[in-house]
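Right, one structure below, let's go through it.
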Amino acid sequence: METQVPKGQKYIKKFIYYAALGVPEVDITKYRLTVTGLVENKLEFSYEELLKMIDVDYVRDFHCVTGWSVKDVRWEGIKIRRLADMAKVKENAKWAVFYSLDGYTSVVPVEDVLHEDAIIALRMNGKPLTLESGFPARPFIPHLYGWKSAKWLTEIEFVDKYVDGFWEERGYHERGNVWEEERFKGNSGRHTPKRPIL
Ligand SMILES: Nc1nc2c(c(=O)[nH]1)N[C@H]1C(S)=C(S)[C@@H](COP(=O)(O)O)O[C@H]1N2
Ligand SMILES: [Mo]
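Written out as structure tokens, the structure is:
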């Protein structure tokens with residue numbers, strides 16, 4: 001459980017919902033999560049299969065780069081490292097790209113995605129994710145800003161070359177570490193960003 005709020009963040013009571021590309025319709029009978037790219041074994045899971053694999057249940061804060069944080073959120077999900085082991089991610093994989101049903105994408109360095117706290121979240125505060133909060137699945141990596149947590153996740157692709165996701169293309173940081181205040185590209189602090197966005 002976090003005891004301190006990171007620099008530049010303030011706690012608020014509830015999540016502010018974002019859907020830059022709109023809230024998609026989800027047909028859970030057709031839904032699949034795939035693991036693709038630089039892997040020996042491609043993986044594909046239905047929602048039912050994912051639920052049976054839940055192996056993490058913890059309480060962690062959530063931090064949005066715009067400055068709000070939500071304290072003590074309970075998350076249940078699947079360790080991404082376990083999926084990566086099942087898929088046998090290749091040595092040359094350097095980045096994981098997340099793809100969502102709505103067309104949203106985000107990108108995370110492989111070291112961060114293999115962190116022991118990095119999960120595919122399926123449940124929040126004791127219930128399945130709501131549609132607004134990304135049902136059925138979203139990655140959650142506690143030490144990275146919230147924009148990396150692509151709601152309505154459908155695919156995790158391992159790649160060797162960096163590619164921008166939705167917000168990275170608009171100037172946000174390649175990694176987005178909360179404790180290093182990696183908000184904007186080419187600038188690890190929140191002051192005088194080279195490319196002010198929003
Ligand atoms: N598909 C999708 N995922 C997304 C976003 C979005 O607009 N679309 N916004 C991101 C941002 S900037 C944040 S802070 C969190 C917000 O999560 P919430 O909408 O559950 O509060 O979702 C992230 N994932
Ligand atoms: Mo955000």
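The sequence shown begins at 1 in the UniProt record's numbering and counts up one residue at a time.
Cβ atoms here follow ideal geometry from the backbone N, Cα and C, with glycine treated the same way.
Residue pairing for Lys127: DSSP places it in a beta bridge opposite Met124. Nearest to Leu101 by alpha-carbon distance, out of Glu49, Val89 and Glu25, is Glu25. The beta carbon of Pro142 lies closer than 6 angstroms to those of Arg60 and Asp117 in the same chain, with the five residues before and after it left out. The DSSP assignment places 80-87 as complete runs of the alpha helix (DSSP H) inside the region 55-87, in order along the chain (cut-off: 4 residues). The shortest CA-to-CA distance from Asp57 to any of Glu44, Phe45, Ile78 and His63 is the one to Ile78. For Val113, the three-state secondary structure derived from DSSP is helix. Annotation note: the region 136-165 contains the following uninterrupted beta strand (DSSP E) runs of length 3 or greater, listed N- to C-terminal: 138-140 and 153-159. With contacts defined by Cβ atoms closer than 8 angstroms, Asn125 and Ala87 do not form a contacting pair. Put simply, the region 179-187 does not touch the region 126-137. Fewer than three CB pairs are less than 8 angstroms apart.
Membership of Tyr47 in any beta strand (DSSP E) is not indicated; the residue belongs instead to the alpha helix (DSSP H) covering Tyr47 to Lys52. For Tyr17, the distance from the CB to the nearest heavy atom of ligand 1 is below 7 angstroms. Rounded to whole angstroms, the gap between the alpha carbons of Cys64 and Phe135 is 19 angstroms. Per DSSP, reduced to three states, the secondary structure at Glu44 is strand.
The beta carbons of Gly176 and Tyr145 sit closer together than 8 angstroms. In this structure Leu50 touches Ala137 by the C-beta definition: roughly 6 angstroms separates them, less than 8 angstroms.
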